[in-house]
Amino acid sequence: MYRKQVRRRRAVLTLLILGSFLLLTLTYGQSSGGLQSGVSTLFSPLQSVTDRALKPARDAISWFDETFEARGENSRLRDELVAVRRQAVAGQEALQENAQLRKLVELDGGPALAESAYDPVAARVISRSPTVWNSTVTVDAGSGDGVAVDDPVIGGDGLVGQVASVQGGSAQVKLITDHASAVSAKVLPGGVQGVIRPDVGNPDDLILDFIDSTRDVHRGQAVVTSGWRAQGLASLFPPGLPVGEVTSAPIVEQEASQQVHLRPYADMANLDLLQVLTGGSRG
Amino acid sequence: MIVTPQIFARLVAIAVLAVLLQLSFFSRVELLHTSADVLPAVVVSLGLLGGSLSGAVAGFSIGFLVDCLLVAPLGSSSLVLLGAGYLAGLFRERFEIHSALVPPLVCMALTLFAELGFAAVQLTLGVDAPVSPLIVRDMLLKSIYAFFLAWPIYFGLRRALRPALVEESRVTRRRQPTVLGA
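Quick note, the sequences are listed as chains Z and S, same order. Count the first sequence with our numbering and you get residues 1 to 283, in order. Count the second sequence with our numbering and you get residues 1001 to 1182, in order.
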């Protein structure tokens, strides 16, 4: 009797392990289409209700965490304020100069801002992946709202990610901190171009790889999407979307390429309301 | 564990509730830059209460649901969580749980196992980006959180599944009848 039980237990365990490997083999690199989409569609109203019901509790815990961190952040912000004041003065000068230049080249609408070609759809984050390996969030806007795969997603502060998969009323957004994410970007001013990749496990850090090691990049410089277009191919992200700020730029001589670290503008830990940029032409 | 249709319904409800709470609440609340992962703790608790088979099946099912909802490669979470559930069940079958500290400690250890498992699966499937050493801190903090969350999870699940638990029903049967006035 006991042996029979043990045999049955082993058989079920083997079946489950084989089932897992089979599922992995069949679905790796592609979604299982109908099944995942169906389950996700079925659960998205439940997730939405759970998200709204638990928001007060989430906010209360976040308040404690943020208060704890605010003490350390206060001194850093004071230092930043001094630097930003200097930049603001410089920015005013640049704005005046920019207005004069626009008049000169008769670009009355200004360089078409990338966002203007898109139709932004507001979406609320209803769930988030539990591991840092897959940095994805689910939002409550889907194909019914015009959302499509690869649409860029932005938050109030900057680029957040892109739509990875979409269902009728919900969509999964791959964050820029996901290990499979890569965003073409440039440093302002200067225009050094490169590809932003995540530092898996550290959502406050992104890495910009660029080829041109002769160009200097300094701490505090802004990084925006470059939105290239060449030979019928185009970047998935429109140009000019703010991504982050350079935090460290180690000078490595005798290297053909360089890496700089940046802090994303968007607070990846507290994503709530986002905008999906639907429609529009890429790049 | 004696699985009647009623208990099966309860187990399904527990799995769905755990996944919804994880994705909509625990994953979105960070303490010290790390969010808690209660799913390994739920699977381990079910393994400790129901044995290795229950633990493995619960782990596979919960992992499958998570992968479906996140539109992640199916099977990755199932594989890791079924391992955690099976080991918890084996622990229960080999050792007696004498102290109330044991379930949280097992949850903590097996959450660390699950986090290492997630990392191993992901690295095997291929990671296209550099990996920060901070990921180790994330794993350790997740297992510490699991220690504290295991108390309500384990004892809550034991209460919810009491009619199905073999040991619990034995204890109930052994209890002497109370004689009024004695």
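Note that beta-carbon positions come from the ideal geometry of N, C-alpha and C, so glycine has one too.
In the structure shown, what three-state DSSP assignment does residue i receive?
i, result
"Q1022/S", "helix"
"R219/Z", "coil"
"L1152/S", "First, the residue type needs correcting, since residue 1152/S is Pro and not Leu in the sequence shown. Looking at P1152/S - three-state DSSP - the assignment turns out to be helix."
"G244/Z", "strand"
"P290/Z", "This structure cannot speak to residue 290/Z, because chain Z is shown only from 1 to 283."
"L1165/S", "coil"
"L22/Z", "helix"
"E159/Z", "A small correction: the amino acid at residue 159/Z is Leu; Glu does not occupy that position in the sequence shown. L159/Z falls in the strand class under three-state DSSP."
"S1035/S", "strand"
"Q258/Z", "strand"
Given residue i, which residues of its chain have a CB within under 7 Å of its CB, disregarding the five upstream and five downstream residues?
i, result
"N270/Z", "S62"
"V12/Z", "none"
"A122/Z", "L273 and Q275"
"V1106/S", "V1044, L1048, A1088 and F1091"
Spell out whether any CB of chain S is found under 8 Å from the CB atom of residue i.
i, result
"P130/Z", "yes"
"D51/Z", "yes"
"Y28/Z", "yes"
"G194/Z", "no"
"P45/Z", "no"
"R86/Z", "no"
"T136/Z", "yes"
"N74/Z", "no"
"D199/Z", "yes"
"R3/Z", "no"
"W133/Z", "yes"
"S143/Z", "no"
"R9/Z", "yes"
"I126/Z", "yes"
"V12/Z", "yes"
"V153/Z", "no"
"S40/Z", "yes"
"Q172/Z", "yes"
Tell me, please, whether the CB atom of residue i is closer than 8 Å to any CB atom in chain Z?
i, result
"R1010/S", "no"
"E1096/S", "no"
"F1044/S", "It is worth fixing the name first, because residue 1044/S is Val in this sequence and not Phe. Not closer than 8 Å to any Cβ of chain Z, the Cβ of V1044/S fails to qualify, so no."
"Y1135/S", "What sits at residue 1135/S in the sequence shown is Ile, not Tyr. By this cut-off, I1135/S is an interface position."
"A1182/S", "Confidence at A1182/S is low in this model, with a pLDDT of 48, below 50, so its placement is unreliable and no value can be given for it."
"A959/S", "No answer is possible for residue 959/S: it lies beyond the span of chain S, which begins at 1001 and ends at 1182."
"L1053/S", "yes"
"P1005/S", "no"
"L1048/S", "no"
"L1184/S", "The question about residue 1184/S has no answer here: the residues shown for chain S are numbered 1001 through 1182."
"F1113/S", "no"
"A1119/S", "yes"
Skipping 5 residues on each side, what residues in its chain have a beta carbon closer than 6 Å to that of residue i?
i, result
"T177/Z", "S135, P198, P203 and M268"
"Q172/Z", "T136, T138, A164 and S165"
"Q193/Z", "K186 and S226"
"R8/Z", "none"
"T1047/S", "A small correction: the amino acid at residue 1047/S is Gly; Thr does not occupy that position in the sequence shown. Excluding residues within five positions, the ones whose Cβ falls inside 6 Å are G1055, G1085, A1088 and G1089."
"A1164/S", "M1001, I1002 and I1007"
"S48/Z", "I126 and D140"
"Q259/Z", "I207 and D209"
"L1065/S", "V1019"
Looking at residue i: is its Cβ nearer than 8 Å to the Cβ of residue j?
i, j, result
"G1050/S", "S20/Z", "no"
"G220/Z", "A83/Z", "yes"
"D51/Z", "S1024/S", "yes"
"F1060/S", "L1081/S", "yes"
"D24/Z", "P120/Z", "Residue 24/Z is actually Leu in this sequence, not Asp. No, the Cβ-Cβ distance between L24/Z and P120/Z is not below 8 Å."
"I1144/S", "M1108/S", "yes"
"L1141/S", "S1045/S", "no"
"V1029/S", "R58/Z", "yes"
"A1036/S", "F1026/S", "yes"
"D1128/S", "H218/Z", "no"
"D150/Z", "L46/Z", "no"
"A1146/S", "T1111/S", "yes"
"V1071/S", "Q36/Z", "yes"
"V147/Z", "C1068/S", "no"
"G158/Z", "A266/Z", "yes"
"P130/Z", "L241/Z", "no"
Less than 7 Å between the CB of residue i and some heavy atom of the ligand FAD, yes or no?
i, result
"V1042/S", "The ligand content of the structure shown is nil, which means the ligand FAD is not present either."
Leaving out five residues before and five after residue i in sequence, what residues of the same chain have Cβ atoms less than 8 Å from its Cβ?
i, result
"I1135/S", "A1119"
"L262/Z", "I196, D205, L206, I207, L208, V223, V243, G244, E245, V246 and T247"
"G168/Z", "T41, G142, S143 and G144"
Return no unless some Cβ of chain C is closer than 8 Å to the Cβ of residue i.
i, result
"V82/Z", "Absence of chain C from the displayed structure is noted, the protein chains being Z and S."
Chain Z contacts made by the stretch 1018–1032 of chain S, where a contact means CB separation under 9 Å:
Answer set for the stretch 1018–1032 of chain S: V1019, L1020, L1021, Q1022, L1023, S1024, F1025, F1026, S1027, R1028, V1029, E1030, L1031 and L1032.
Residues in the stretch 1068–1086 of chain S with C-beta within 8 Å of chain Z's C-beta atoms, listed in sequence order?
Going along the stretch 1068–1086 of chain S in chain order, one finds C1068, L1069, L1070, V1071, A1072, P1073, L1074, G1075, S1076, S1078, L1079, L1082 and Y1086 with a Cβ nearer than 8 Å to chain Z.
Of the residues that make up the stretch 1142–1168 of chain S, which ones have a beta carbon closer than 8 Å to any beta carbon in chain Z?
Against chain Z - using a Cβ distance shorter than 8 Å - the stretch 1142–1168 of chain S contributes no residues.
Select from the stretch 215–249 of chain Z all residues with a C-beta closer than 9 Å to any C-beta belonging to chain S, and list them in chain order.
So the list is empty, because no residue satisfies the distance condition.
With 7 Å as the limit, tell me which residues of the stretch 254–279 of chain Z have their beta carbon closer than that to any beta carbon of chain S; keep them in chain order.
For the stretch 254–279 of chain Z, which is checked against every Cβ of chain S, the residues closer than 7 Å are A269.
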